[in-house]
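Under this note's numbering, the first residue of the sequence shown carries the number 1, and numbering increases by one thereafter.
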Amino acid sequence: MKHLLLLSFITLFSTLSLASDLNILVPLSPAGSFQIEADKIRGKVKKVGGDAYTASKIFVKVDDLKTGMDLRDEHMKAENRLNEKKYPRIEVTNIKAKGGKGIGVIHIKGKKEKINFVYKANSKDFTAKFKLDVTKFPLKDLKYLGVGVKGVVAVTAVIPIKN
């Protein structure tokens, strides 16, 4: 029984330590998917009363994005895709949220697009979820060895709330 309890605690804490602030589910064609994760989102959301929140800018460094495969990471950050050297950050600006829904503007590789998201908040964190059509951005050659990225990815971001 002691061993089972110890194993449960180890599993719980190792799962908590692997949690990421950003998770992007990328569906592939003809089949499959992979995840892009980042352990740190910079910026904070500010509670402005009741269930209303705002943020002027939050961002993630492109270098912090990881897929779990070095070759895929290298391809993702290349000049014809995210172009990490010229565009080192992905930003979301003008964030306004109330009643479980929100809006913002995402900036990827010099292009801006309005996003709509749903959110949940507690006393510490603001969790936003949205779909993003990557075909609206200047990301080229999203295919390798016959397997390509489908157009829409699912994004989940956990952002700290400023007290």
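Heads up, the beta-carbon is just placed ideally off N, CA and C, and yes, glycines get one too.
Since the model is a prediction, treat every value here as computed from it, not as a measurement.
Rounded to the nearest whole angstrom, the C-alpha separation of Ser29 and Val147 is 6 Å. Contact check between the segment 65 to 83 and the segment 124 to 134: fewer than three CB pairs, one atom from each, fall below 8 Å, which does not count as touching. Look at Lys66 here: in three-state DSSP terms it is strand.
The bridge partners DSSP lists for Glu74 come to none. For the 8 Å CB-CB criterion, Val62 and Glu79 do not form a contact. When the Cα atoms are used, Val118 and Tyr144 turn out to be separated by approximately 32 Å. If you draw a straight line from the Cα of Ile90 to the Cα of Lys112, it comes to about 10 Å. Taking C-alpha positions only, Ile108 is separated from Met69 by approximately 22 Å.
Of all alpha-carbon atoms in Pro160, Lys162 and Leu139, the one lying nearest the alpha-carbon of Val152 is that of Leu139. In this structure, the straight-line span from the alpha carbon of Leu82 to that of Arg42 is close to 18 Å. The straight-line gap separating the alpha-carbon atoms of Gly102 and Thr127 is approximately 11 Å.
Assignment of beta-bridge partners to Phe117 by DSSP yields Gly102. Across the structure, Ile115 and Gly50 are spaced so that their CA atoms are roughly 23 Å apart. A straight line joining the alpha-carbon of Val155 with that of Ile36 spans about 9 Å. The residues Tyr53 and Tyr119, in chain order, have a CB closer than 6 Å to that of Ala97 in the same chain once the five nearest residues on each side in sequence are set aside. Taking the Cα of Pro160 as reference, the smallest distance to any Cα among Asn122, Ile24, Gly32 and Phe137 is reached at Asn122.
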